[in-house]
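Student:
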Amino acid sequence: MSILNCENLSKAFGRKVVLNNVNLSIEKGRIVGLLGPNGSGKTTLIKIINTLLVPDCGSVRVDGLELGIETKGIVSYLPDRECLPDWMSVEELIQFYCDFYEDFSKEKAERMIESLNINIKEKFRKLSKGTREKVQLILVMSRNAKLYLLDEPIGGVDPVTRDYILSSIIASYNEEATVVIATHLINDVEKILDEVVFIKAGEIILHDSVDNIREEHNMSIDEKFREVFR
Amino acid sequence: MTFRLLKYELRAVYKPYVLVLSVFLAVNIIFACVVGLVINALGDFGIAIGATASLLWRLLYMETGSVLVSVVSVFSIVRYVRTIWGKESYIYQSIPATAHEHILSHFLSFIIWLVAVLGVICAGVFISDLMTEGFFLGIFGFIWDENELIPTLLSALTLIPYLIIHAFFSIAFGQSFHRGKWVITAVFYIVTHIAAACIAILFGTSFLNKWDVFAHDLFFCVYTAILAVCYYFFTIKFVDSTRETY
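Keeping their order, the protein sequence lines are chains A and B.
Residue 71 in the numbering used here sits at position 20 of the first sequence, with consecutive numbering throughout.
Residue 240 in the numbering used here sits at position 242 of the second sequence, with consecutive numbering throughout.
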């Protein structure tokens, strides 16, 4: 059964068409790379699934449900920028997530924060950029959501932090859940993906499993990406 | 969910508010102590000095109170913009809450802080009065003339929430455009405000000849309350249907 189903989805900002008749279906329990160059529509698609944007036409269903309050409760979203209230301490942020999401595991979040030696009493704004990104990811991955939408989770961080983030994604998500990772840093995420979706100028041009691409085309995802988007 | 959102709205601003209101109250008490000492020490001459100082203080007190109400309004609008369309909107809009719950929590937070400010202003007057053995309320006496107090309070209690809801609505309307969001917000706010005021004056003056001033004020309050409710529901509709978080 598919966890995410987009049908004839379109979105334009003024005259600029960002998504054009997108049809996409993703099965449960998969780690999917939403791959495309900058401006291809990855973030817009993720924002629509997370109800941050309203599509011009088409429909989206998450776990069979139309977008709304129920889907917000089962989707865990990591935006491509820092969005947490910076006047809160890390401890208050954990409580914030605990208050608003029934599926949030406080113990899991505290354990991960502790393993990184982050001071739980520290204000979010006083943390370094890398640490802020880690805290944001920990909060998102500490939910037992059905669908994780991670928008550029490794953009703008050093290679060590990238490794930490990717290993956290693998370690944190349960096998029933689906993870969608939007990125253009293919090399780094390739090793953890089950499927890839290539998006170009607002249209899905390829949706296949990583194994198929490797076997049929005899090339890595990164090589395939370069070939498609050249 | 509304009360959980409200809890975080109150927490987001309580530190500066508590600080400013405490300073406001403390300065007021210190001034009242000084006036009390001057009256007791200098007799009739002290009463004359105390009366002059208190009149000046009253002016400053009212102006500072107005500034505090304005600050609460501005802070409420800033929080509203930040959590619905700004940086924090990514997290707040992802929470399983409706637009109605978001807007209601902002509105309730504004009302709570407004009541707190008005409460501190009133408390300041009463504490000052207590410390000067009735001297302050003698100076402030006119405020408690019920002919003016009830319509004034009634007008303030409907007009101030109306203005904030009107601001929320205008921002939601302005944000639904792709360009010139803030210019459209400002123009829309001013135009609709003038239109609402014109209608109020047009109908209000026709009541004035038949009824007394109180009836006129009552009409004004009902009219602004109805407008506020309309604006509130239109705001929810705009936030829900034209949400654009960039």
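Ideal placement from N, C-alpha and C gives every residue a C-beta, glycine not left out.
Ala222(A): buried (16+ other C-beta within 10 angstroms of its C-beta) or exposed?
Tutor: Within the first sequence, residue 222(A) is the residue found at index 171, counting from 1. Under this definition Ala222(A) is an exposed residue.
Student: So for Leu106(B), helix, strand or coil by DSSP?
Tutor: What you label residue 106(B) is simply residue 108 of the second sequence in a count that begins at 1. Residue state, collapsed to three classes: helix.
Student: Could you tell me how far apart the beta carbons of Leu257(A) and Val240(A) are, in whole angstroms, since I believe they sit closer than 8 Å?
Tutor: Translated into the one-based positions of the first sequence, residue 257(A) becomes position 206. Translated into the one-based positions of the first sequence, residue 240(A) becomes position 189. Contact doesn't hold; Cβ gap of about 16 Å is too wide.
Student: Let me check understanding here. Comparing Cα to Cα, which of Leu54(B), Ala195(B), Phe217(B), Ile110(B) lies closest to Ser74(B)?
Tutor: If you number the second sequence from 1, residue 74(B) lands on position 76. For Ser74(B), the nearest C-alpha among the options comes from Ile110(B).
Student: Just list the residues that DSSP pairs Ser76(A) with in beta bridges.
Tutor: Reading the first sequence from its first residue, position 25 is the one you call residue 76(A). According to DSSP, which records beta bridges pairwise, Ser76(A) is partnered with Asn56(A).
Student: Taking Cβ positions only, does Gln173(B) come closer than 9 Å to chain A?
Tutor: Start at 1 with the first residue of the second sequence, and residue 173(B) comes out as number 175. Answer no: the Cβ-Cβ gap between Gln173(B) and chain A never drops below 9 Å.
Student: Assuming Lys197(A) and Asp114(A) make a contact with CB atoms under 8 Å, what is their CB distance in whole Å?
Tutor: Start at 1 with the first residue of the first sequence, and residue 197(A) comes out as number 146. Start at 1 with the first residue of the first sequence, and residue 114(A) comes out as number 63. Indeed, because the Cβ distance is near 6 Å, the residues count as touching under 8 Å.
Student: In or out: Ser64(B) buried (at least 16 other Cβ within 10 Å) or exposed?
Tutor: Counting from 1 along the second sequence, the entry for residue 64(B) is found at position 66. Under this definition Ser64(B) is an exposed residue.
Student: Return the CA-CA distance between Asn56(A) and Leu75(A), expressed in angstroms with no decimal places.
Tutor: Against the first sequence, residue 56(A) aligns to sequence position 5. Against the first sequence, residue 75(A) aligns to sequence position 24. Those two C-alpha atoms are separated by around 6 Å.
Student: Quick check: is the beta carbon of Leu60(A) nearer than 9 Å to any beta carbon in chain B?
Tutor: As a working mapping, residue 60(A) is identified with position 9 in the first sequence. No, no contact with chain B.
Student: When Cβ atoms are compared, which residues of the segment 71 to 96 of chain B fall closer than 8 Å to chain A?
Tutor: Cβ contacts with chain A come from Lys85, Glu86, Ser87, Tyr88, Ile89, Gln91, Ser92, Ile93, Pro94, Ala95, Thr96.
Student: What do you reckon, are the CB atoms on Val247(A) and Ile77(A) nearer than 9 Å?
Tutor: Taking the first sequence and counting its residues from 1, the one referred to as residue 247(A) is at position 196. Taking the first sequence and counting its residues from 1, the one referred to as residue 77(A) is at position 26. Going by C-beta atoms, Val247(A) is not nearer than 9 Å to Ile77(A).
Student: Locate the beta strand (DSSP E) running through Asp259(A), then write down its first and last residues.
Tutor: Residue 259(A) sits at position 208 when you count from the first residue of the first sequence. Per DSSP, Asp259(A) belongs to the beta strand (DSSP E) from 254 to 260.
Student: How about Leu175(B) and Phe201(B): do their beta carbons lie closer than 9 Å?
Tutor: For the purposes of this step, residue 175(B) is taken as the residue at position 177 of the second sequence. For the purposes of this step, residue 201(B) is taken as the residue at position 203 of the second sequence. According to the sequence displayed, residue 175(B) carries Phe and not Leu. For Phe175(B) and Phe201(B), no; Cβs fall outside 9 Å.
Student: Are Thr234(A) and Ile205(A) touching if we call contact CB-CB under 9 Å?
Tutor: Along the first sequence, read from residue 1 onward, the residue named residue 234(A) stands at position 183. Along the first sequence, read from residue 1 onward, the residue named residue 205(A) stands at position 154. Result yes, Cβ atoms of Thr234(A) and Ile205(A) sit closer than 9 Å.
Student: Along the chain, which unbroken stretches of the alpha helix (DSSP H) at least 4 residues long are found entirely within the segment 164 to 209 of chain B?
Tutor: Those alpha helix (DSSP H) runs which fall completely within the segment 164 to 209 of chain B and span 4+ residues are 179 to 208.
Student: In whole angstroms, what separates the C-alpha of Ser61(A) from that of Leu96(A)?
Tutor: Taking the first residue of the first sequence as position 1, residue 61(A) is located at position 10. Taking the first residue of the first sequence as position 1, residue 96(A) is located at position 45. Distance between the alpha carbons of Ser61(A) and Leu96(A) is about 9 Å.
Student: I'd like the span of the beta strand (DSSP E) that includes Ile250(A), first residue to last.
Tutor: Mapped onto the first sequence, residue 250(A) falls at position 199. Where Ile250(A) is concerned, the enclosing beta strand (DSSP E) stretches over 246 to 251.
Student: Which partner residues does Asp202(A) have in the DSSP bridge list?
Tutor: Numbered from 1 along the first sequence, position 151 holds the residue referred to as residue 202(A). DSSP lists Ala233(A) as partners of Asp202(A).
Student: Might you give, ordered along the chain, the residues of its own chain that have their beta carbon closer than 6 Å to the beta carbon of Tyr90(B), omitting 5 neighbours on each side?
Tutor: Taking the second sequence and counting its residues from 1, one reaches residue 90(B) at position 92. Taken in chain order, the residues that qualify are Thr81.
Student: Kindly list the residues whose CB is nearer than 6 Å to the CB of His164(B), restricted to its own chain and excluding five residues on each side of it in sequence; keep chain order.
Tutor: As a position in the second sequence, residue 164(B) is number 166, starting the count at 1. Result list for His164(B): Tyr229, in chain order.
Student: When you compare only the Cα positions, how much space is there between Leu85(A) and Pro159(B)?
Tutor: Taking the first residue of the first sequence as position 1, residue 85(A) is located at position 34. Taking the first residue of the second sequence as position 1, residue 159(B) is located at position 161. Taking the straight line from one Cα to the other gives about 46 Å.
Student: At what residues does the beta strand (DSSP E) containing Ser110(A) begin and finish?
Tutor: Position 59 of the first sequence, counted from the start, is the residue given in the question as residue 110(A). First-last of the beta strand (DSSP E) with Ser110(A): 108 to 113.
Student: Reducing DSSP to helix, strand and coil, say where Tyr221(B) ends up.
Tutor: Here the question's residue 221(B) lines up with position 223 in the second sequence. Of the three classes helix, strand and coil, the one that applies to Tyr221(B) here is helix, per DSSP.
Student: Just to confirm, are Ile125(A) and Leu118(A) a CB contact at a threshold of 9 Å?
Tutor: The count along the first sequence starts at 1 and reaches residue 125(A) at position 74. The count along the first sequence starts at 1 and reaches residue 118(A) at position 67. Cβ atoms of Ile125(A) and Leu118(A): not closer than 9 Å.
Student: If you draw a straight line from the C-alpha of Tyr244(B) to the C-alpha of Val237(B), how long is it?
Tutor: Position 246 of the second sequence, counted from the first residue, corresponds to residue 244(B). Position 239 of the second sequence, counted from the first residue, corresponds to residue 237(B). With a pLDDT of 48 at Tyr244(B), under the threshold of 50, the predicted position of this residue should be treated as unreliable, though the coordinate-derived value follows. Near 14 Å, if we compare the C-alpha coordinates of Val237(B) and Tyr244(B).
Student: Consult DSSP for Ala63(A) and reduce its assignment to one of helix, strand or coil.
Tutor: On the first sequence, position 12 is the one that residue 63(A) refers to. Ala63(A): strand per DSSP, three-state reduction.
Student: Three-state secondary structure (DSSP) at Glu121(A)?
Tutor: For the purposes of this step, residue 121(A) is identified with residue 70 of the first sequence, where counting begins at 1. Correct three-state label for Glu121(A): helix.
Student: Beta-carbon within less than 8 Å of Glu142(A)'s beta-carbon, same chain only, minus the 5 sequence neighbours each way: which residues are those?
Tutor: Taking the first sequence and counting its residues from 1, the one referred to as residue 142(A) is at position 91. Counting only Cβ-Cβ distances below 8 Å, and skipping sequence neighbours, we find Ile171, Lys172.
Student: Taking only the alpha-carbon atoms, compute the straight-line gap between Phe166(B) and His100(B) and give it to the nearest angstrom.
Tutor: For the purposes of this step, residue 166(B) is taken as the residue at position 168 of the second sequence. For the purposes of this step, residue 100(B) is taken as the residue at position 102 of the second sequence. Answer to the nearest angstrom: the Cα atoms are 12 Å apart.
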